[in-house]
Amino acid sequence: MTSRERLAQIPKAELHLHLEGAIPHAALFELIGRHGGDPAIANVADIERQFRFRDFPHFIEMWIWKNGFLRTYEDFTFIAAAMARELAAENVRYAEVHFSPARFRDQGLALAPLARAIRRGLGRVPAVEIALIADLVRDLGPDQALITVDAVAEVAGEAGIVAVGMGGSEHAHPPEPFAPAFARARAHGLHTTAHAGEAAGPDSIRGALDALAVERIGHGLRAEEDPGLVDLLAERRVPLELCPLSNVATGVTADIAAHPIRRYFDRGLMVTVSTDDPGMFGNPMTTELAALSDTFGFTLAEHRQLQLNAVAAAFLPPERKAALAASIADDPAWTA
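Just so we're aligned: the sequence shown equals residues 4 to 339 in my numbering.
The structure is reproduced here in structure tokens:
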């Protein structure tokens, strides 16, 4: 059995995955056809070419283009099921999946029926346990974030939304103005995470920790620019949702060898590994983990620790977390 075959078989948990960025190419091609087509897209291979990014702004441009084909609630049911099938094929046992409801409000898609539509799609693939994280979009401002939080709270229980997160432009929209929205999310009983230290530097991470009081940091790869911050992250055991191949694809880091994941892991930080947007980057979890083995020499025992870190950092009740940890730790794939 090759190393990659072994990595394909091991049980996995993923904490940083965007629904809108995890649409399999065949499913996206079908969506494009449903909504009138696109002159640039004659086949699935054209989608693959479309997703070769020059830089981070080009990635955002393609993100917006792709979202233009998500127009109905049924579209979200369709892509949720397609994504879940991909996760099951990768032997992902548990995932926390972000979606950005405020992005689609202007298209007439209200949050509650949108969340229910996503949950219907996920329900078609019972092999994977999936919780949802509703993203607040920095670019839409703090007032819209508050509106989104309140709307999320109304449907969180039935839709399986466990947390709010926050994406968007770190440079243009620092975390501090969003503190009231995160405080309100906590008051509603929701967990919290935020993208920080991806496109912006360590101040963005400190702002997410201090002003937003988040439980986890999405990305966080630029923390090492501030050694004191690295010490703080280690001391507090703040989980980092690292996405190495995503960072390479968007040009945030020059190449996989330059990524700090090995340094963070060896330093004792609470490192987890996720794919971010596998439909756009072509990096399912097995590919992500294989890159860690090939580039940094991660061993099977270290991969096991990464998966258990993800479970420990998951937004799950203690009993469910313990059961999932035992299931992953004791899986025969680790010793096969």
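The C-beta atom is built at its ideal place from N, Cα and C for all residues, glycine as well. No experiment lies behind these values; they were computed from the predicted model shown.
Nearest-angstrom Cα distance between residue i and residue j?
i	j	result
residue 59	residue 256	11 Å
residue 190	residue 45	48 Å
residue 304	residue 38	47 Å
residue 114	residue 226	34 Å
residue 306	residue 277	12 Å
residue 119	residue 320	22 Å
residue 112	residue 106	9 Å
residue 166	residue 125	17 Å
residue 97	residue 309	14 Å
residue 138	residue 7	33 Å
residue 219	residue 172	18 Å
residue 77	residue 84	11 Å
residue 57	residue 36	26 Å
residue 170	residue 141	6 Å
residue 87	residue 156	24 Å
residue 72	residue 108	14 Å
residue 290	residue 247	11 Å
residue 318	residue 14	18 Å
residue 132	residue 94	11 Å
residue 324	residue 117	27 Å
residue 339	residue 5	12 Å
residue 47	residue 69	13 Å
residue 332	residue 261	30 Å
residue 66	residue 288	21 Å
residue 12	residue 336	6 Å
residue 16	residue 153	28 Å
residue 235	residue 89	36 Å
residue 239	residue 61	35 Å
residue 177	residue 328	35 Å
residue 123	residue 82	11 Å
In the DSSP output, what is residue i paired with across the bridge?
i	result
residue 86	Paired residue(s): none; residue 86 is not in a bridge.
residue 269	Per DSSP, none; premise fails for residue 269.
residue 21	101
residue 44	41
residue 279	20
residue 169	139
residue 244	221 and 275
residue 134	99
residue 15	95
residue 196	219
residue 164	135
What is the C-beta distance between residue i and residue j, in whole angstroms, given that I count them as a contact (C-beta under 8 Å)?
i	j	result
residue 121	residue 18	At roughly 17 Å, the Cβ-Cβ gap does not stay under 8 Å, so residue 121 and residue 18 are not in contact.
residue 215	residue 241	With a Cβ gap of about 12 Å, residue 215 and residue 241 do not count as contacting.
residue 251	residue 312	Contact doesn't hold; Cβ gap of about 21 Å is too wide.
residue 25	residue 334	So it is not a contact: roughly 24 Å between Cβ atoms.
residue 10	residue 330	So it is not a contact: roughly 18 Å between Cβ atoms.
residue 221	residue 237	With 8 Å as the limit, residue 221 and residue 237 do not qualify as a contact, their Cβ atoms being about 18 Å apart.
residue 168	residue 101	5 Å
Buried or exposed for residue i, please, with buried defined as at least 16 other CB atoms from any protein chain shown within 10 angstroms of its CB.
i	result
residue 110	exposed
residue 196	buried
residue 205	buried
residue 43	exposed
residue 249	buried
residue 326	exposed
residue 151	buried
residue 161	exposed
residue 129	exposed
residue 231	exposed
residue 184	buried
residue 104	buried
residue 300	exposed
residue 164	buried
residue 208	buried
residue 201	buried
Taking the alpha-carbon of residue i as reference, which of the options has the nearest alpha-carbon?
i	options	result
residue 282	15, 16, 199 and 54	54
residue 302	322, 326 and 265	265
residue 259	267, 294, 230 and 234	294
residue 28	61, 76, 286 and 172	286
residue 30	80, 199 and 146	80
residue 298	160, 155, 127 and 263	263
residue 270	233, 99 and 201	233
residue 51	32, 174, 209 and 131	32
residue 144	175, 217 and 207	175
residue 284	261, 150 and 254	254
residue 159	192, 187, 130 and 183	192
residue 188	229, 101, 314 and 149	149
residue 99	67, 179, 194 and 235	194
residue 272	164, 101 and 244	244
residue 181	147, 328, 228 and 40	147
residue 134	339, 337 and 314	314
residue 203	186, 223 and 217	223
residue 179	217, 40, 123 and 153	217
residue 20	292, 136, 201 and 228	136
residue 74	91, 90 and 34	34
Answer yes or no: the CB of residue i versus the heavy atoms of the ligand HEM, is any distance below 7 Å?
i	result
residue 48	Inclusion of the ligand HEM in the displayed structure is not the case, the ligand content being empty and no account of it being possible.
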